[in-house]
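As given, the protein sequences belong to chains A and B, one line each in that order.
Its first residue numbered 23, the first sequence is counted upward by one per residue in this note's numbering.
Its first residue numbered 23, the second sequence is counted upward by one per residue in this note's numbering.
In this text, a Cβ means the ideal position worked out from N, Cα and C, and glycines have one as well.
Notes for the one structure printed next.
Number of protein chains: 2
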Amino acid sequence: MSPHALDDFFAVIPAGGVGSRLWPLSRAGRPKFLRDIAGTGATLLRSTYERLEPLCDASRVVVVTGQAHGDEVRAQLPEVTTENVVLESEGRDSSAAIGLAAAIIERRHPGAVIGSFAADHLISANARFRRAVTEAVRAAREGLIVTIGIQPLEPSTAFGYIRAGEPLEILGAPSARQVEAFVEKPKAATARRYLASGEYLWNAGMFIARASRLLEELAAHAPELAAGINEIADAWDTPQRDEVTARVWPTLEKIAIDYTVAEPAAKKGALAVIPGFFGWDDVGDFAAVSRVHATASSNEHPLDIIGDADRVVSYEAGGIVVSETDRIIAVAGVPDIVVVDTEDALLVTTRAKAQQVKNLVAAIKESEHPEVL
Amino acid sequence: MSPHALDDFFAVIPAGGVGSRLWPLSRAGRPKFLRDIAGTGATLLRSTYERLEPLCDASRVVVVTGQAHGDEVRAQLPEVTTENVVLESEGRDSSAAIGLAAAIIERRHPGAVIGSFAADHLISANARFRRAVTEAVRAAREGLIVTIGIQPLEPSTAFGYIRAGEPLEILGAPSARQVEAFVEKPKAATARRYLASGEYLWNAGMFIARASRLLEELAAHAPELAAGINEIADAWDTPQRDEVTARVWPTLEKIAIDYTVAEPAAKKGALAVIPGFFGWDDVGDFAAVSRVHATASSNEHPLDIIGDADRVVSYEAGGIVVSETDRIIAVAGVPDIVVVDTEDALLVTTRAKAQQVKNLVAAIKESEHPEVL
Numbered sequence: 023m024s025p026h027a028l029d030d031f032f033a034v035i036p037a038g039g040v041g042s043r044l045w046p047l048s049r050a051g052r053p054k055f056l057r058d059i060a061g062t063g064a065t066l067l068r069s070t071y072e073r074l075e076p077l078c079d080a081s082r083v084v085v086v087t088g089q090a091h092g093d094e095v096r097a098q099l100p101e102v103t104t105e106n107v108v109l110e111s112e113g114r115d116s117s118a119a120i121g122l123a124a125a126i127i128e129r130r131h132p133g134a135v136i137g138s139f140a141a142d143h144l145i146s147a148n149a150r151f152r153r154a155v156t157e158a159v160r161a162a163r164e165g166l167i168v169t170i171g172i173q174p175l176e177p178s179t180a181f182g183y184i185r186a187g188e189p190l191e192i193l194g195a196p197s198a199r200q201v202e203a204f205v206e207k208p209k210a211a212t213a214r215r216y217l218a219s220g221e222y223l224w225n226a227g228m229f230i231a232r233a234s235r236l237l238e239e240l241a242a243h244a245p246e247l248a249a250g251i252n253e254i255a256d257a258w259d260t261p262q263r264d265e266v267t268a269r270v271w272p273t274l275e276k277i278a279i280d281y282t283v284a285e286p287a288a289k290k291g292a293l294a295v296i297p298g299f300f301g302w303d304d305v306g307d308f309a310a311v312s313r314v315h316a317t318a319s320s321n322e323h324p325l326d327i328i329g330d331a332d333r334v335v336s337y338e339a340g341g342i343v344v345s346e347t348d349r350i351i352a353v354a355g356v357p358d359i360v361v362v363d364t365e366d367a368l369l370v371t372t373r374a375k376a377q378q379v380k381n382l383v384a385a386i387k388e389s390e391h392p393e394v395l
Numbered sequence: 023m024s025p026h027a028l029d030d031f032f033a034v035i036p037a038g039g040v041g042s043r044l045w046p047l048s049r050a051g052r053p054k055f056l057r058d059i060a061g062t063g064a065t066l067l068r069s070t071y072e073r074l075e076p077l078c079d080a081s082r083v084v085v086v087t088g089q090a091h092g093d094e095v096r097a098q099l100p101e102v103t104t105e106n107v108v109l110e111s112e113g114r115d116s117s118a119a120i121g122l123a124a125a126i127i128e129r130r131h132p133g134a135v136i137g138s139f140a141a142d143h144l145i146s147a148n149a150r151f152r153r154a155v156t157e158a159v160r161a162a163r164e165g166l167i168v169t170i171g172i173q174p175l176e177p178s179t180a181f182g183y184i185r186a187g188e189p190l191e192i193l194g195a196p197s198a199r200q201v202e203a204f205v206e207k208p209k210a211a212t213a214r215r216y217l218a219s220g221e222y223l224w225n226a227g228m229f230i231a232r233a234s235r236l237l238e239e240l241a242a243h244a245p246e247l248a249a250g251i252n253e254i255a256d257a258w259d260t261p262q263r264d265e266v267t268a269r270v271w272p273t274l275e276k277i278a279i280d281y282t283v284a285e286p287a288a289k290k291g292a293l294a295v296i297p298g299f300f301g302w303d304d305v306g307d308f309a310a311v312s313r314v315h316a317t318a319s320s321n322e323h324p325l326d327i328i329g330d331a332d333r334v335v336s337y338e339a340g341g342i343v344v345s346e347t348d349r350i351i352a353v354a355g356v357p358d359i360v361v362v363d364t365e366d367a368l369l370v371t372t373r374a375k376a377q378q379v380k381n382l383v384a385a386i387k388e389s390e391h392p393e394v395l
C-alpha cells in the first residue's frame with residue numbers, strides 16, 4: 023500500500039444526540055444532524071459525509087444512528103449501503119456506538135484504521151480538514167490513538183481544550199504532537215491564557231485509531247462494555263444479529279468514549295493530536311448558530327436572519343431570528359435576542375442565555391405538551 | 023329637574039384610533055377599542071358603555087366611529103340605536119368627532135350637557151368614576167368646561183398632567199377646582215415632584231360641558247371647523263345628511279379638542295377639573311397592558327400571560343406574553359420581554375422599549391406585507 027493511499031481508512035459517523043439546546047429547531051423526531059442548522063444548503067449529516075467522501079468512498083463509511091432515524095439517514099446518504107448503517111434500538115452513548123462500529127469493521131477488514139466524526143458539527147475549509155485526517159491516519163497506523171485538535175481563533179469558553187505536548191516526529195505526520203491533557207471548558211481569563219500560549223487546541227471529539235487499538239483500550243478500561251460489543255460484532259454479519267443485539271445492546275454501559283479511550287490513552291502517553299487549521303463549531307446552541315451564520319454571511323448586520331428576511335422587520339434589534347413559518351416577525355429594542363419561530367413552537371431567549379434552552383426543554387418534558395420536543 | 027338627576031346628560035364615545043403601539047393585537051381592521059386588551063372579558067368599547075349606562079340610558083349615548091367599524095360597534099352595543107352611531111368616512115381627529123356629536127345632540131336636545139369618554143381606556147372603580155362624572159355634569163351646568171383628572175398613584179412618565187388650582191365652590195360639585203395648566207408627559211424627576219406636590223392630576227382626556235358651550239369655544243378658536251360642523255349638523259336629521267356630510271366632512275381641520283377647547287378654556291379660567299379617585303389607564307402600549315394585567319391579576323409572577331398559560335413555558339423570564347395561537351411559547355433568560363404571538367404576526371420587544379412598536383408599524387407600512395397592519 024502506498025503511504026499516500028488511505029485504502030485502510032474507514033469513517034465512522036455517530037449520528038445521535040437530540041441537540042436539545044437547539045429546540046425548537048432540533049426535535050427528537052428531526053434532530054440537529056438531520057437539519058441545515060447553519061444555513062449551508064445541506065444537513066449537517068450530509069455535509070459530514072461529503073467532507074469525508076474524498077478520503078474513503080461510500081463502502082468505507084459506517085453510520086451509527088437511532089432506529090427512528092434510519093430511513094431519513096438512508097435518504098440523506100443514498101450512497102451508503104444498508105449494511106453500513108448501524109441502527110441502535112436505544113442510545114448507549116459514544117463508547118458503545120463507536121466501539122460497535124470498530125468491532126464490525128475490524129471483523130470485516132482486519133487492520134483497518136477508523137476515524138470517528140460527529141454527524142452534527144460544522145467544518146469549513148474541507149481540504150485542510152482532510153489534510154489533518156490524512157496525517158492522523160498515518161499516526162494511527164503507528165499504533166497511536168489520534169485526535170484532531172482545532173487551532174483556536176478566539177478565547178472561546180464554549181469548548182473543552184487539549185493541551186498539546188512534544189512533537190512526535192512520525193513519518194508522514196509531521197505535525198503530530200503528544201496530548202498532555204484534556205481540560206474542561208475554561209472561564210474567560212483562562213481561555214485567553216490558553217489562546218496566548220499557543221499550546222491549547224479545541225477538543226472537537228474526533229478520534230482516529232486502528233480499530234483493534236481502540237478495542238484494546240476499551241477492553242482495558244471498560245471490559246464488560248468491550249465484551250458486549252464483541253459479542254454483538256461476532257453475530258453482526260450472521261443470522262443471529264437481531265437476537266444477540268436485542269439481548270446485549272440494552273445492557274451496555276452508557277459512557278462517552280473520552281473516558282474509556284481518549285483520557286486513559288492520554289495518561290499513558292499513547293494519544294497524539296494533529297492540529298487542525300480549519301473552521302470548526304459543534305453548533306451546540308443558538309449563540310453558536312448565530313456565530314456560524316454571521317461568519318458564513320460575512321455581514322455585520324446586528325440581526326442575523328435565517329429564513330425569509332422579507333418577513334422580518336426590526337428596529338434597534340440585534341441577535342438572530344430563525345423563521346420557519348410564513349408569519350411576519352417584528353423585533354424592537356432588543357440588542358441581543360434569539361427568536362425561533364416554528365409552526366408549533368416559539369422560542370425567545372438571548373445569545374448570552376442560549377444555554378438555558380435546556381432548562382426549557384426539561385420544563386416542557388414535564389408539561390402538558392411534551393409532543394413538541 | 024332635580025339636581026340629582028342627570029336627565030340632561032348625554033355621553034359621547036369617540037371610538038377611533040388604531041392603537042398602533044399595540045400592534046399586532048390592535049389592527050386597522052380590529053382596533054384596540056374592539057378588543058379585550060386588558061383581559062377583563064369585555065372589549066374596551068363595551069366596558070366604556072357599561073360604565074356610563076347607569077348615568078344615561080342607551081338613548082343618550084352617541085358613538086362616533088369609522089365607517090369600517092360601524093357593524094362591529096353596533097354588534098358590541100346593540101342597545102344604541104342606529105341614529106346614535108355617527109359614522110365617519112375618514113378620521114378627522116377629536117375636535118371634528120366630538121364637535122359634530124355635540125352639534126347633533128344640541129339640535130335634538132337643546133341645553134344638553136355632554137361628556138366625552140374615549141372608547142379605549144380602562145377604568146376600575148366604576149362607582150367612583152360615576153361620582154366624578156356627576157360632579158362634572160353639575161359644574162358643566164354652571165357654564166364651565168369640565169375635565170376629570172385622575173389622582174396619580176405613581177410618578178408616571180407615560181401620561182400628560184393637569185395642574186389644579188383653587189377650589190371653585192360649586193353647589194353639588196364640591197371637589198371642582200380651577201385648571202391652571204396642562205403639562206406634557208414629564209421626565210421621571212419632574213413626575214416625582216408632581217406626585218409629591220399633590221397639585222397634579224393625570225390628563226385622561228375626558229371633557230364635560232354643555233353642548234352649546236363646547237360649540238362656542240370651538241367657534242371662537244376654530245371658526246371654519248365649527249362652521250363646517252354646524253352645516254353638517256343642520257343637515258343630519260334630514261334627507262340631505264349624506265350629501266352635506268360627504269361634501270363638508272373631508273374638508274374639516276384635523277385637530278385635537280385639547281387645542282380648540284380645553285387649553286383655550288383653561289387660559290381664560292373657564293376650565294374646571296374634578297379629581298377622579300379611580301384606576302385609569304389609556305393602555306397605550308404593551309408596558310401598559312402588562313401594568314393593567316398585573317394589577318388585575320394581583321399576582322407577583324414576573325411573567326404575565328394573556329392567553330392559555332398551559333402553553334407558555336418560562337425560565338428566568340419576566341414581562342408579558344400574549345398568546346393568540348395554539349403554539350407552545352418558550353421564554354428563557356429575558357428579565358423584561360414582550361412577546362405577542364398571533365396567527366399571522368409575531369412581536370418581540372421589551373416593556374421598556376414598548377413605544378418602539380410604532381417604529382415597527384411604520385416599517386411594516388413600507389414593507390412588502392402592509393396587510394398585517
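Taking C-beta atoms under 8 Å as the contact rule, G133/B and V155/B fail to qualify, at a distance of about 18 Å. Excluding five sequence positions before and after K207/B, the CB atoms of its chain that fall closer than 7 Å to its own CB belong to T179, A180, F181, G182, given in chain order.
Less than 7 Å separates the beta-carbon of F32/B from that of R82/B.
Flagged as an interface residue toward chain A: Q378/B, by a C-beta distance shorter than 7 Å. According to DSSP, G194/B shares a beta bridge with no other residue. Per DSSP, D79/A lies in no alpha helix (DSSP H) and is assigned neither H nor E. L193/B counts as exposed, since fewer than 16 other beta carbons sit within 10 angstroms of its beta carbon. Taken through DSSP and simplified to helix, strand or coil, R57/B comes out as coil. Proximity of D326/A to chain B, defined by a Cβ-Cβ separation below 7 Å, is not satisfied.
Annotated as distal: A248/B and A257/B, with beta-carbon spacing of 7 Å or more. Restricting attention to beta strand (DSSP E) runs no shorter than 3 residues, the stretch 294 to 351 of chain B encloses them at 325 to 328, 334 to 345, ordered along the chain. Secondary structure note for G291/B: it is in no alpha helix (DSSP H), with a DSSP letter that is neither H nor E.
Going by DSSP, E238/A is part of the alpha helix (DSSP H) stretching over 233 to 243.
DSSP, read as helix, strand or coil, puts V383/B in helix. Take the alpha-carbon of V135/A and the one of S312/A: they are about 36 Å apart. In this structure, DSSP gives A226/A an extended state, which the three-state scheme calls strand. In the three-state DSSP reduction, S42/B falls in the helix class (H, G or I). One thing to note: P36/A has its Cβ within 7 Å of the Cβ of A119/A. Using beta-carbon distances, G355/A counts as an interface residue toward chain B, with a partner under 7 Å. Any Cβ of chain B closer than 7 Å to the Cβ of R349/A would place that residue at the interface, and such an atom is present.
Beyond the five residues adjoining it in sequence on each side, T282/A comes within less than 6 Å, by CB distance, of S117, L240, H243, A244 in the same chain, given in chain order. A straight line joining the alpha-carbon of A352/B with that of K54/A spans about 19 Å.
Proximity of the stretch 297 to 310 of chain A to the stretch 139 to 151 of chain A meets the contact definition, three or more beta-carbon pairs being nearer than 8 Å.
The stretch 355 to 362 of chain B and the stretch 333 to 340 of chain B touch, with three or more beta-carbon pairs separated by less than 8 Å. Three or more Cβ pairs closer than 8 Å define a contact, and the stretch 92 to 110 of chain A meets that threshold against the stretch 51 to 67 of chain A.
Using beta-carbon distances, D366/A counts as an interface residue toward chain B, with a partner under 7 Å.
Apart from the 5 residues on each side of it in sequence, I279/A sits with its Cβ closer than 7 Å to the Cβ of S116, S117, I120, F229 in its chain, given in chain order.
Residue contact check for L382/A against chain B: a CB pair falls below 7 Å. Assignment of L369/A by DSSP, reduced to helix, strand and coil, places it in the strand class. Residue environment for T267/A: buried (at least 16 other C-beta atoms within 10 angstroms of its C-beta).
Judged by DSSP secondary structure, Y183/B falls within the beta strand (DSSP E) whose first and last residues are 183 to 189. In the three-state reduction of the DSSP assignment, V135/B falls in the strand class, which pools E and B. Annotated three-state conformation of E110/A is strand, per DSSP.
Nearest CB-CB separation between K375/B and chain A: below the 7 Å threshold. Contact note: H391/A reaches chain B through D332, R333, I350, using a C-beta cutoff of 8 Å and chain order.
For G121/B, the enclosing alpha helix (DSSP H) starts and ends at 115 to 130.
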